[in-house]
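Each remark here refers to the structure printed beneath this line.
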Amino acid sequence: MSLSMYSAFIPVAIHTLNNLAGLLAKGAAHCEARKIDPNAFLTARLYPDMFPLTRQVQIACDQAKGAVARLAGQEPPKHEDSEQSFDDLQAR
Numbered sequence: 006m007s008l009s010m011y012s013a014f015i016p017v018a019i020h021t022l023n024n025l026a027g028l029l030a031k032g033a034a035h036c037e038a039r040k041i042d043p044n045a046f047l048t049a050r051l052y053p054d055m056f057p058l059t060r061q062v063q064i065a066c067d068q069a070k071g072a073v074a075r076l077a078g079q080e081p082p083k084h085e086d087s088e089q090s091f092d093d094l095q096a097r
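For the sequence shown, our numbering gives the first residue as 6, with consecutive numbering after it.
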């Protein structure tokens with residue numbers, strides 16, 4: 006029995022992106038319930054040399070789409086990286 010690159014990567018990527026979507030939904034709900042400016046979370050860093058949350062989500066999405074495109078022998082699609090809200094990040 007052989008293991009394909011698809012079956013080794015795609016389920017993990019789907020799981021990761023679904024978890025990320027759940028975290029973003031919880032973050033948006035928390036901001037709304039507590040009347041917190043969403044930018045406080047979207048620009049937050051846990052450590053000074055770390056990217057803010059918005060960029061981290063963009064990178065996670067780029068890794069998934071890049072790997073899938075390369076497995077399919079195609080060029081990965083390009084995004085503008087202009088997301089500024091929880092809704093923008095969810096759409097990405």
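Even glycine gets a Cβ: it sits at the ideal position worked out from N, Cα and C.
Segment contact: the region 22-38 against the region 57-71, three or more CB-CB distances shorter than 8 Å; contact assigned. Counting along the chain, E37 sits inside the alpha helix (DSSP H) bounded by residues 10-39.
Separation of A18 and A38 (C-alpha to C-alpha, rounded to the nearest whole angstrom) is 30 Å. In the structure shown, R75 falls within a helical segment according to DSSP collapsed to helix, strand and coil. Its chain contains L76 as the residues whose beta carbon lies nearer than 6 Å to that of M10, once the 5 sequence neighbours on both sides are disregarded; these appear in chain order.
One thing to note: P81 has its Cβ within 8 Å of the Cβ of G71. DSSP places T48 in the coil class of the three-state scheme, outside both helix and strand. A direct Cα-Cα distance of roughly 11 Å separates K83 from R97.
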